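Colleague: Numbering (the working numbering), first residue to last: 64 to 572.
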């Protein structure tokens, strides 16, 4: 009997199809120890199981000399204790093919668990699980959801904390495991909560409930540095535009040089450059240069176009403060080479590690796992990024990010990854159907979003106000200052000063 149970358990754990509502009928030889059968560990995870025990054959009449009585056993399964205690459900007589009581053989025991204890593995992770100050009680989106579900099932909640024991956990290729995932995999807890992602790697080892929220993974990155006002004239064009401009005028200078060579005229490099630069500083072309008119006409047209574009770019660059090292998009993040941290690497990082593009693989290698105390210290220098989540449109800032350093960071505009959030249960758990049913009703009512928003209100005031400011709810108007024009006016004044000196020198020459 033990070998049959073991084979069944192995089959269930490796089956890809959903078998949460399975039923079993086991045949026990006459004289078997029924209590010992139901004490097997496998019986803790199935509610619809019947053990049929055959009684010794009895003689009735000459026409029907023998008949057999089959005793049908099942276990209690529900209740605070003695869940695996067997009881005789009914008897079947082969003589007239009838039952003694005619009871329903596979009744739905999950409608009412009669205060049966379910162990819930969790850890402190806002907004899913939070500890109420000075009370020792737990709150949060997941806690409220799981409490409502267990009330519907009439079950008793037992919290098992993994705050200092592996956190969310992993299932390793060699079969070992740790954290909440390891506890579910080893049947130490029944359900895992605290913001688990529903993905292919998770479904290989666990039963995943319907999603109750959308998790948007992004990063809290260092705030960009305000660009130096002396560099504002440079920001009128992008780096590529400046490079193209230099290449264009270099080619023009080479063309002028070739023309002079063709005319057998010797010119210095400065004189050749002066021919090209004259239109830029509103200087006339000398008469002896008139045979360059086709070329210089193109130079004049290009100069006019560049001047108009530069004036427009300068106006924009000076009127709006610019920043350096800004990280807003995914490509900004990938190109930044900034190290980023979290308490635990998620499964979706594997897709980056195995991506065909080197830029993604390099970004995955820049990710490091640290303890909350270490993350707190790293957050103080303002040079690292930290993985954060958005749930129901609100940024979820981990507790190690404190009000004293939050102003040195800002969340990215784009998401690195998006995944649905769900509960984790034992593979093909019999509770999956009820969990899905109650969760769906709660989702349709909209109460889950309200609970999430209510949880976010527990955030420290300075962090909440700062995030509202970044999201545009409390954004202040930036007043145009003289410092915004410092670079352009400095170049203008320096140019006029040099021109004045040259003018004076020409007078007294």
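Positions of the beta carbon are idealized from the N, C-alpha and C atoms, including for glycine.
Small disclaimer: the values here were computed from a predicted structure and weren't measured.
1) Run through the DSSP bridge pairs and tell me what residue 476 is partnered with.
2) Here's a check: name, in chain order, each residue in its chain whose Cβ is nearer than 6 Å to the Cβ of residue 253, leaving out the five neighbours to either side.
3) Taking Cβ to Cβ, would you say residue 206 is nearer than 8 Å to residue 192?
4) Just the C-alpha distance for residue 452 and residue 282, rounded to the nearest angstrom, thanks.
5) Need the endpoints of the alpha helix (DSSP H) that residue 441 sits in, please.
6) Return the CA-CA distance between residue 566 and residue 560, expressed in angstroms with no decimal places.
7) Indicate whether residue 204 and residue 518 have their beta-carbon atoms separated by less than 8 Å.
8) Would you be able to state if there are at least three C-beta pairs under 8 Å between the region 470-488 and the region 264-283?
9) Given a threshold of 16 other Cβ atoms within 10 Å of its Cβ, counted over all protein chains shown, does residue 171 qualify as buried or as exposed?
10) For residue 135, name the three-state secondary structure that DSSP assigns.
11) Is the region 467-480 touching the region 439-453, taking contact as three or more C-beta pairs under 8 Å?
12) By DSSP, does residue 164 sit in helix, in strand, or in coil?
13) Start and end of the beta strand (DSSP E) containing residue 278?
14) Tell me the residue span of the beta strand (DSSP E) that contains residue 180.
15) So the candidates are 114, 552, 263; which of them puts its Cα closest to the Cα of residue 414?
16) Helix, strand or coil: which one does DSSP assign to residue 446?
17) What ranges does the alpha helix (DSSP H) occupy inside the region 385-432, keeping only unbroken runs of at least 4 residues that lie completely in it?
18) Compute the Euclidean distance between the alpha carbons of residue 536 and residue 515, then round it to the nearest angstrom.
19) Residue 501: which of 157, 273, 141, 237 sits nearest, CA to CA?
20) Would you kindly report the start and end of the unbroken alpha helix (DSSP H) that includes residue 205?
21) Which class does residue 457 belong to by DSSP, given the choice of helix, strand or coil?
22) Would you kindly report the start and end of the unbroken alpha helix (DSSP H) that includes residue 245?
23) For residue 169, which residues from the same chain have a beta carbon less than 8 Å from its beta carbon, with the 5 sequence-adjacent residues on both sides left out?
24) Give the single residue among 455, 339, 468, 513 whose Cα lies nearest to the Cα of residue 529.
25) So, does the CB of residue 431 fall closer than 8 Å to a CB anywhere in chain D?
26) With a CB to CB cut of under 6 Å and the five nearest residues on each side skipped, what residues in its chain are close to residue 463?
27) Report all residues from its chain with a CB closer than 7 Å to the CB of residue 316; omit the five preceding and five following residues, and keep chain order.
28) When DSSP builds the beta bridges, which residues end up paired with residue 149?
29) Of all the options 506, 156, 394, which has the alpha carbon lying nearest to the alpha carbon of residue 476?
Modeller: Looking at the atomic coordinates:
1) Locating residue 476 in the chain shown gives position 413, counting from the first residue. None; residue 476 has no bridge partner.
2) Locating residue 253 in the chain shown gives position 190, counting from the first residue. By the criterion of a C-beta distance shorter than 6 Å, residue 253 is surrounded in its chain by 181, 182, once the five residues flanking it on both sides are discounted.
3) Working through the chain shown from its first residue, we reach residue 206 at position 143. Working through the chain shown from its first residue, we reach residue 192 at position 129. Yes, the pair counts as a contact, with Cβ atoms nearer than the cut-off.
4) Here residue 452 corresponds to residue number 389 of the chain shown, with the count starting at 1. Here residue 282 corresponds to residue number 219 of the chain shown, with the count starting at 1. Rounded to whole angstroms, residue 452 and residue 282 show a C-alpha spacing of 8 Å.
5) Sequence index remark: in the chain shown, residue 441 carries index 378 (1-based). Run containing residue 441: 435-441, per the alpha helix (DSSP H) assignment.
6) Indexing the chain shown from 1 puts residue 566 at position 503. Indexing the chain shown from 1 puts residue 560 at position 497. Cα to Cα, the separation comes out at about 10 Å.
7) Stepping through the chain shown from its first residue, residue 204 is reached at position 141. Stepping through the chain shown from its first residue, residue 518 is reached at position 455. Contact flag set, yes.
8) Because the criterion of three Cβ pairs below 8 Å is met, the region 264-283 and the region 470-488 touch.
9) As a position in the chain shown, residue 171 is number 108, starting the count at 1. With fewer than 16 other Cβ atoms within 10 Å, it is exposed.
10) For the purposes of this step, residue 135 is taken as residue 72 along the chain shown, with counting starting at 1. Strand, per DSSP.
11) Contact between the region 467-480 and the region 439-453 is present: 3 or more CB-CB pairs across the two stretches fall below 8 Å.
12) Working through the chain shown from its first residue, we reach residue 164 at position 101. Residue state, collapsed to three classes: coil.
13) Within the chain shown, the letter at position 215 stands for residue 278. In this chain, the beta strand (DSSP E) harbouring residue 278 covers 276-285.
14) The sequence position of residue 180 within the chain shown is 117, counting from 1. Where residue 180 is concerned, the enclosing beta strand (DSSP E) stretches over 179-185.
15) Indexing the chain shown from 1 puts residue 414 at position 351. Residue 263 is the option with its Cα nearest to residue 414.
16) Indexing the chain shown from 1 puts residue 446 at position 383. In this structure, residue 446 counts as coil in the three-state DSSP scheme.
17) Counting whole runs of 4 or more residues, the region 385-432 contains the alpha helix (DSSP H) stretches 393-399, 412-416, 421-428.
18) The sequence position of residue 536 within the chain shown is 473, counting from 1. The sequence position of residue 515 within the chain shown is 452, counting from 1. Only weak support exists for where residue 536 lies, its pLDDT of 48 falling under 50; the coordinates are left without a value.
19) In the chain shown, residue 501 corresponds to position 438, counting from 1. Comparing alpha carbon positions, the residue from 157, 273, 141, 237 closest to residue 501 is 273.
20) The count along the chain shown starts at 1 and reaches residue 205 at position 142. Its alpha helix (DSSP H) spans residues 204-216.
21) On the chain shown, position 394 is the one that residue 457 refers to. In the displayed model, residue 457 falls within a strand according to three-state DSSP.
22) Here residue 245 refers to the residue found at position 182 when the chain shown is read from its first residue. Per DSSP, the continuous alpha helix (DSSP H) segment holding residue 245 begins and ends at 242-248.
23) Position 106 of the chain shown, counting from 1, holds the residue named residue 169. Excluding positions up to five away in sequence, the list reads 86, 111, 113.
24) Here residue 529 refers to the residue found at position 466 of the chain shown. With distances taken between Cα atoms, residue 529 lies closest to 468.
25) Within the model displayed, chain D is absent; a lone protein chain is all it includes.
26) As a first step, residue 463 must be located in the chain shown, where it is residue number 400. Taking residue 463 as the centre and dropping the five residues before and after it, the same chain places the C-beta of 435, 438, 439 closer than 6 Å to its C-beta, in chain order.
27) In the chain shown, residue 316 corresponds to position 253, counting from 1. The answer, listed in chain order, is 335, 336, 339.
28) For the purposes of this step, residue 149 is identified with residue 86 of the chain shown, where counting begins at 1. DSSP output for residue 149 lists 138 as bridge partner(s).
29) The sequence position of residue 476 within the chain shown is 413, counting from 1. Ranked by Cα distance from residue 476, the first of 506, 156, 394 is 394.
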